[in-house]
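*Asks:* Can you read through this structure? Questions will come right after.
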Amino acid sequence: MEQLLIKLGNEVAKAFKEAGYDENLGKVTVSNRPDLCEYQCNGAMAGAKIYKKAPTMIANEVAEILKRSEVFSKTEVCPPGFINLNISDKYLCEYAGEMACSEKYGVDQPSEKKVFMVDYGGPNVAKPLHVGHLRSAVIGESIKRIIRYMGHEAIGDIHLGDWGLQMGLVIAAYKEAHPNLVFFDESYEGEYPQEAPFTVTDLEEIYPKASARSKEDAAFKDEAMLCTKKLQDGVKGYRAFWKLIMEVSIADLKKNYNNLNVEFDLWKGESDVYDLIPGMVDYLKEGGYAYISDGALVVDVKEETDTKEIPPCMILKSDGASLYNTTDLATIMERRKEYDPDCIIYLTDKRQDLYFEQVFRCAKKTGLCDSKTKLVHIGFGTVNGKDGKPFKTRDGGVMRLEYLVKDINEKMYEKIISGREMNEEEAKKVSETVALSAIKYGDLSNQASKDYIFDTERFMSFEGDTGPYLLYTVVRIKSILKKYSENGGDLKECSINGTISDETHKNLLMKIAGYNEMMNSVFEELAPHRICAYLYDLANVFNSFYHENKILTQEDEELKKNYIGVLKLTLGICEDCMQCLGFEAPDRM
Ligand code: ARG
Numbered sequence: 041m042e043q044l045l046i047k048l049g050n051e052v053a054k055a056f057k058e059a060g061y062d063e064n065l066g067k068v069t070v071s072n073r074p075d076l077c078e079y080q081c082n083g084a085m086a087g088a089k090i091y092k093k094a095p096t097m098i099a100n101e102v103a104e105i106l107k108r109s110e111v112f113s114k115t116e117v118c119p120p121g122f123i124n125l126n127i128s129d130k131y132l133c134e135y136a137g138e139m140a141c142s143e144k145y146g147v148d149q150p151s152e153k154k155v156f157m158v159d160y161g162g163p164n165v166a167k168p169l170h171v172g173h174l175r176s177a178v179i180g181e182s183i184k185r186i187i188r189y190m191g192h193e194a195i196g197d198i199h200l201g202d203w204g205l206q207m208g209l210v211i212a213a214y215k216e217a218h219p220n221l222v223f224f225d226e227s228y229e230g231e232y233p234q235e236a237p238f239t240v241t242d243l244e245e246i247y248p249k250a251s252a253r254s255k256e257d258a259a260f261k262d263e264a265m266l267c268t269k270k271l272q273d274g275v276k277g278y279r280a281f282w283k284l285i286m287e288v289s290i291a292d293l294k295k296n297y298n299n300l301n302v303e304f305d306l307w308k309g310e311s312d313v314y315d316l317i318p319g320m321v322d323y324l325k326e327g328g329y330a331y332i333s334d335g336a337l338v339v340d341v342k343e344e345t346d347t348k349e350i351p352p353c354m355i356l357k358s359d360g361a362s363l364y365n366t367t368d369l370a371t372i373m374e375r376r377k378e379y380d381p382d383c384i385i386y387l388t389d390k391r392q393d394l395y396f397e398q399v400f401r402c403a404k405k406t407g408l409c410d411s412k413t414k415l416v417h418i419g420f421g422t423v424n425g426k427d428g429k430p431f432k433t434r435d436g437g438v439m440r441l442e443y444l445v446k447d448i449n450e451k452m453y454e455k456i457i458s459g460r461e462m463n464e465e466e467a468k469k470v471s472e473t474v475a476l477s478a479i480k481y482g483d484l485s486n487q488a489s490k491d492y493i494f495d496t497e498r499f500m501s502f503e504g505d506t507g508p509y510l511l512y513t514v515v516r517i518k519s520i521l522k523k524y525s526e527n528g529g530d531l532k533e534c535s536i537n538g539t540i541s542d543e544t545h546k547n548l549l550m551k552i553a554g555y556n557e558m559m560n561s562v563f564e565e566l567a568p569h570r571i572c573a574y575l576y577d578l579a580n581v582f583n584s585f586y587h588e589n590k591i592l593t594q595e596d597e598e599l600k601k602n603y604i605g606v607l608k609l610t611l612g613i614c615e616d617c618m619q620c621l622g623f624e625a626p627d628r629m
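Per this note's numbering, the sequence shown starts with residue 41, numbered consecutively.
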């Protein structure tokens, strides 16, 4: 369906043309003075410059024509030349009615389907997930869902950090404690054990200790680097041991991401492109892109228009080892070959902004990435505690994601079970659903690039701009619809008809009518926070409507059906929005 503002704009454009002016002046926006009107057109002001005429004169001529239009119920000119517009009830109801019968409530399929890859999550194997991993997972998942909703293909890849020093650290520490294991006996010829001799809890203890130790103990660090090298060089036992670390770690990651309703299509990682690196390095050398600087192999990526220094992109260190860059460049090659994406979107902390700028420039300049494929980095801000500093546990440690989620689940359970007639099992399910909305909405409602304060109490509140408030509203609608059916009403028979009973009813329909436009700009800007803002507004206008009008007790049967039609549409839109954000509402709460 055509977006409402475009339709309104077309009507105004026609009037500009009829009055003898350029029709492009007829752009319509939502009013920024809702006390005066619902929509507005500022074209007369721009027209004044072109036609050397007073803006009010132009506005008046156009308004005279618009007064005859069936689309608007009120047209007024306001100095210095604004055209203030109200939409007619009939036109608004027709538009909303058509939305209700359309696939995705009027959001059209694209004429050309594109392939997007979304690189998100990005955890490092053997290191537990902490609160910093929340944003990449939650925002990335939402962006993937938005792309799909808009009718494109989206492939989500977790891009594990599974190949670097952290693997060597774990191997070195384990080897020291268990030197006689066959994995570390390089003369061993037999089969390696299939079962890991460690659990994920062991790994989670080993890594932080080993990492801390490597900073003080140079010999241990050397050993860890040697283990990394042996792993990367393909020494059999080290590879077999690494495979077990991967299995144990991935099983745990899957559980954690599953709890967040986050799902990846690909579980690839840095290790998957290791074999492509030598060929890529040759290509960069032969093409004359890479040169040796202080022993390292680098590609210059600075451009004349740069206002700040962009250092070269390092491909190999002076000891020949590859880096984070190297695997990212090789991954771009691999993705092009395997999936031929139109766009690759990366989600990481915004501290990696410069890093991705270098990688993207290097990929484009060297032709590792063709001009067709867009590379986009979405850098997000930090999750802070109430003190405004990065979120920590009470004793100042790093907050494990698993514990954070568990803590909120438990608090939500207490909230749900008290004062409600629900058995434990249902309360547990419901509280998990509501808790997830609290966490995800708390994160997603902030513009990604901004830091935000993780305020558990506020996020869990049933009032205000929160996930649970939205769910509460959705549950309210579901329960009205259920009662309507239980009282013998047929939901299928209810649709929006031409009457609007009051201002709250009209406000609700206008918010609904802006859905298509909102979704399109969310997709253009890859900005889930705008869905949150829309949902919050929608919930508020719905609740005003609900408080002002009798719905189930409505005596006028036709009006009642009309109301139920509006409720069905509101619910459907809320559910699609939540689907795009990655959470859902229970049937009751
Ligand atoms: N593992 C990385 C980190 O911890 C994030 C990976 C992001 N994706 C990428 N293609 N570089 O910082």
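C-beta atoms are modelled at their ideal positions from N, C-alpha and C, and glycine is treated no differently.
Quick caveat, the model's predicted, so the values are computed rather than measured.
1. Round the Cβ separation of Ile-493 and Gly-428 to the nearest angstrom and send it over; I've been treating them as touching at under 8 Å.
2. Is it the case that the segment 466-479 contacts the segment 621-629, given that we only count it when at least three CB pairs across the two stretches are under 8 Å?
3. What I want to know is whether the C-beta of Asn-365 ends up closer than 7 Å to one or more non-hydrogen atoms of the ligand ARG.
4. So Val-416 is in the beta strand (DSSP E); what residue range does that whole segment cover?
5. Apart from the five residues just before and just after Lys-490, which ones in its own chain have a Cβ nearer than 7 Å to its Cβ?
6. Is the separation between the beta-carbon of Gly-208 and that of Ala-264 shorter than 8 Å?
7. Would Asp-202 and Val-165 be called neighbours here (beta carbons separated by less than 8 Å)?
8. Alpha carbon to alpha carbon, how far is Leu-444 from Glu-472? Give it in angstroms, no decimals.
9. For the ligand ARG, is there any heavy atom lying closer than 7 Å to the beta carbon of Gly-328?
10. Using 8 Å as the Cβ pair cut-off and three pairs as the minimum, do the segment 603-613 and the segment 133-148 touch?
11. How would the residue list near the ligand ARG read, in chain order, if you kept each one whose beta-carbon is closer than 6 Å to any heavy atom?
12. Measuring CB to CB, does Tyr-555 end up less than 8 Å from Ile-613?
13. Check Ile-571 in the structure and name its three-state DSSP category.
14. Excluding the 5 residues preceding and the 5 following Tyr-329 in the sequence, name in chain order all residues of the same chain whose CB lies nearer than 6 Å to its CB.
15. With distances taken from CA atoms, which of Asp-359, Pro-352, Arg-376 is nearest Asn-365?
16. With respect to the beta strand (DSSP E) encompassing Val-338, which residues constitute its N-terminal and C-terminal limits?
17. Can you tell me which of Ser-227, Glu-143, Asn-220, Asn-583 puts its alpha carbon nearest to the alpha carbon of Gly-191?
18. Is the separation between the beta-carbon of Phe-156 and that of Glu-181 shorter than 8 Å?
19. What residue from His-545, Ala-488, Val-321 has the CA that sits closest to Ala-403's CA?
20. Does the segment 274-293 touch the segment 236-243, meaning 3 or more C-beta pairs lie closer than 8 Å?
21. My parser needs the alpha helix (DSSP H) runs of 4 or more residues fully inside the segment 249-286; what are they?
22. Count the other CB atoms within 10 Å of the CB of Asp-483; is the residue buried (16 or more) or exposed (fewer)?
23. For Leu-498, collect the residues of the same chain with a Cβ closer than 8 Å to its Cβ; drop the 5 residues on either side in sequence, then sort them by chain order.
24. Please give the ranges of any beta strand (DSSP E) in the segment 414-492, keeping only runs that are unbroken, at least 3 residues long and fully inside the region.
25. What is the rounded straight-line gap between the Cα of Asp-530 and the Cα of Ile-517?
*Replies:* Let's see:
1. Here Ile-493 really is in contact with Gly-428; their C-beta atoms are around 7 Å apart, less than 8 Å.
2. yes
3. no
4. Counting along the chain, the beta strand (DSSP E) containing Val-416 begins and ends at 414-420.
5. Gly-421
6. yes
7. yes
8. Looking at the two C-alpha atoms, the distance is approximately 13 Å.
9. no
10. yes
11. Asp-159, Gly-162, Asn-164, His-199, Gly-201, Asp-368, Tyr-386, Thr-388
12. In this structure, Ile-613 lies closer than 8 Å to Tyr-555 by Cβ.
13. helix
14. Val-339, Thr-406
15. Comparing Cα-Cα distances from Asn-365 to each of Asp-359, Pro-352, Arg-376, the minimum goes to Pro-352.
16. 336-339
17. Glu-143
18. When the beta-carbon positions are compared, Phe-156 and Glu-181 stay at least 8 Å from each other.
19. Val-321
20. Three or more pairs of CB atoms, one per stretch, sit closer than 8 Å, so the segment 236-243 contacts the segment 274-293.
21. 258-273
22. buried
23. Correcting the residue type first, residue 498 is Arg in the shown sequence and not Leu. Gly-482, Gly-504, Thr-506.
24. 414-420
25. 16 Å
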